[in-house]
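First comes the structure, then the notes that go with it.
Have a look at this one:
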């Protein structure tokens, strides 16, 4: 058998096995969330819910609860959030999709980070924000996915 043919067959088998694994474990979902209690998510144009700092907030597959906020310097903010995967599928939480919102409605994006959550897993995630000059942080704008509507939690 020709060497190139063996390589092609091996690659096809590896890709096929990966696809079967991804579909059966829920790593890839074709039909949206498998959330047990589906809720409607507000569109970005509608008013976003704002919750107290100790109450959980939900966006898509994830639930968030503020754990702590601290200044890491004159223009750096560190926020710790408990993130819970509400589904029976693997979910990723992207730090760069999160924002801190100022009292003047200006925003600062979180640093690049990735946290993978197993089904029903909860973990604390530390988000780091580099703040512009004269920025007073008021709310945290959290997103389960980069394009999700998001939910807000007051910082004070």
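Residue numbers (our numbering): -11 to 144. Here a beta-carbon is modelled for each residue, glycine too, at the ideal position from N, C-alpha and C.
Distance, residue j Cα to residue i Cα
{"i": "residue 59", "j": "residue 0", "result": "50 Å"}
{"i": "residue 144", "j": "residue 8", "result": "46 Å"}
{"i": "residue 133", "j": "residue 113", "result": "15 Å"}
{"i": "residue 6", "j": "residue 61", "result": "44 Å"}
{"i": "residue 107", "j": "residue 140", "result": "23 Å"}
{"i": "residue 115", "j": "residue 74", "result": "20 Å"}
Close beta carbons around residue i, own chain, < 7 Å, minus the five adjacent residues each side
{"i": "residue 90", "result": "123, 124, 125 and 126"}
{"i": "residue 111", "result": "71, 103 and 105"}
Contact under 7 Å by Cβ, residue i with residue j
{"i": "residue 79", "j": "residue 105", "result": "yes"}
{"i": "residue 46", "j": "residue 128", "result": "no"}
{"i": "residue 51", "j": "residue 72", "result": "yes"}
Cβ neighbours of residue i in the same chain (closer than 8 Å, five flanking residues each side left out)
{"i": "residue 118", "result": "63, 64, 96 and 99"}
{"i": "residue 32", "result": "With a pLDDT of 37 at residue 32, under the threshold of 50, the modelled position of that residue is not reliable, and no figure is offered here."}
Nearest candidate by alpha-carbon position, reference residue i, set the options
{"i": "residue 92", "options": "55, 121 and 75", "result": "121"}
{"i": "residue 137", "options": "-6, -7, -9 and 49", "result": "49"}
{"i": "residue 130", "options": "54, -9, -2 and -5", "result": "54"}
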